[in-house]
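Residue numbers 0 to 254, in numbering that gives the first Met the number 0, belong to the letters of the sequence shown in order.
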Amino acid sequence: MTLTCVLPMAGDSVEFERAGLGHCRAMIDVDGRPAIERVIDNLREVADPDFFVCLVRSDDLRRDREHAQGLQASIERVTGGRCRIVPVENPTDGAAATALLAREWIDPDDELWIANVDQLVRVAHADVRVATGPRSGDHARADGLLLCFHDDDPRWSYTRIDGRGQVVEVAEKRVVSDLANCGIYYVRRAQDFWRATERMIAAQRTVRGVFFIAPVFQELVDEGRDVRVLVVEEMRSLGTPESVKRYRARAGAPS
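Below, the structure written as structure tokens:
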């Protein structure tokens, strides 16, 4: 069985370009390396996928030869060539809709990670790392996992758990607990994620007109699936020009 990671990276980079950070958010400088390389390397602190499916805006691959070669080379280098780069021609209605475009390259029974490409996490201890999917304790039986950190800012999505540690609610842009979602998710069977995503889209369950990934896990909860959380020590966002500048200031890098 293969452990595959889907990286939806088809969002536009207009704000980053206006801020002088470059015209592709995946290629902005983070600690002297392209953001996509830092994010994938960081993801390996939690998981070590066998294969990556990267869903990339066609404009980012076409804009200019030097840039396109740089983006493709970065992805191939950091994944060791274990990747498929899928051009996304048209804007989608959100990361969940983008992630669905990876389905034809993934076996329905494969384990699946889905990760945003605009965050870095720090884990508190080694046993958070679940290299081939959760294999111990309650997580070994889980159908899905959401990586979380403690926060109360309403810009994030949030997860609420019961006394047994099972997820009972996942809410986008609504604070229902102190467990904010990092943007890194796991499902034991890819087909469960595809089915739940399709149902959410068919029902037009958007937030601010967007199909986010976190609410897909509410669909799984509603099915009666066992969904759990893994809490990381820290999450550093790279999702806006301001958050990138804060990260650089903290790291001592030029903004």
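Glycine included, every Cβ here is placed at the ideal spot set by N, Cα and C.
CB-CB length for ARG56 against ALA18, believed under 8 angstroms: The residue given as residue 56 occupies position 57 in the sequence shown. The residue given as residue 18 occupies position 19 in the sequence shown. Contact flag wrong, Cβ pair sits at about 18 angstroms.
Using DSSP with H/G/I as helix, E/B as strand and the rest coil, what is ASN115? Looking up residue 115 in the sequence shown gives position 116. Coil, per DSSP.
Is the CB-CB distance between ILE27 and THR78 below 8 angstroms? As a working mapping, residue 27 is identified with position 28 in the sequence shown. As a working mapping, residue 78 is identified with position 79 in the sequence shown. No; because the gap between Cβ atoms is not below 8 angstroms, this pair is not in contact.
Boundaries of the alpha helix (DSSP H) in which ARG198 is found, first to last residue: Residue 198 sits at position 199 when you count from the first residue of the sequence shown. Counting along the chain, the alpha helix (DSSP H) containing ARG198 begins and ends at 189 to 201.
Would you identify the three-state DSSP class for ALA170, choosing helix, strand or coil? The count along the sequence shown starts at 1 and reaches residue 170 at position 171. Reduced to three states, the DSSP call for ALA170 is strand.
Under the rule that 16 or more other beta-carbon atoms within 10 Å means buried, what is CYS23, buried or exposed? Position 24 of the sequence shown holds residue 23. So CYS23 ends up on the buried side.
Can at least three beta-carbon pairs, one atom from the stretch 215 to 224 and one from the stretch 193 to 205, be found at a separation below 8 angstroms? yes
Please classify GLY41: does DSSP put it in a helix, a strand, or coil? Position 42 of the sequence shown, counted from the start, is the residue given in the question as residue 41. Here residue 41 turns out to be Asn, not Gly, going by the sequence shown. DSSP places ASN41 in helix when its eight states are reduced to three.
From ASP94 to GLY162, what distance separates their C-alpha atoms? Here the question's residue 94 lines up with position 95 in the sequence shown. Here the question's residue 162 lines up with position 163 in the sequence shown. Note that residue 94 is Ala in the sequence shown here, rather than Asp. Distance between the alpha carbons of ALA94 and GLY162 is about 31 angstroms.
When the cut-off is 8 angstroms and only beta carbons count, does ALA98 lie next to chain C? In the structure shown, chain C cannot be found, because there is only a single protein chain.
Give me whichever residues DSSP pairs with PRO214 in a beta bridge. What you label residue 214 is simply residue 215 of the sequence shown in a count that begins at 1. Beta-bridge pairing links PRO214 to no other residue.
Where does the unbroken beta strand (DSSP E) through GLU233 begin, and where does it stop? Position 234 of the sequence shown, counted from the start, is the residue given in the question as residue 233. Unbroken beta strand (DSSP E) run through GLU233: 233 to 236.
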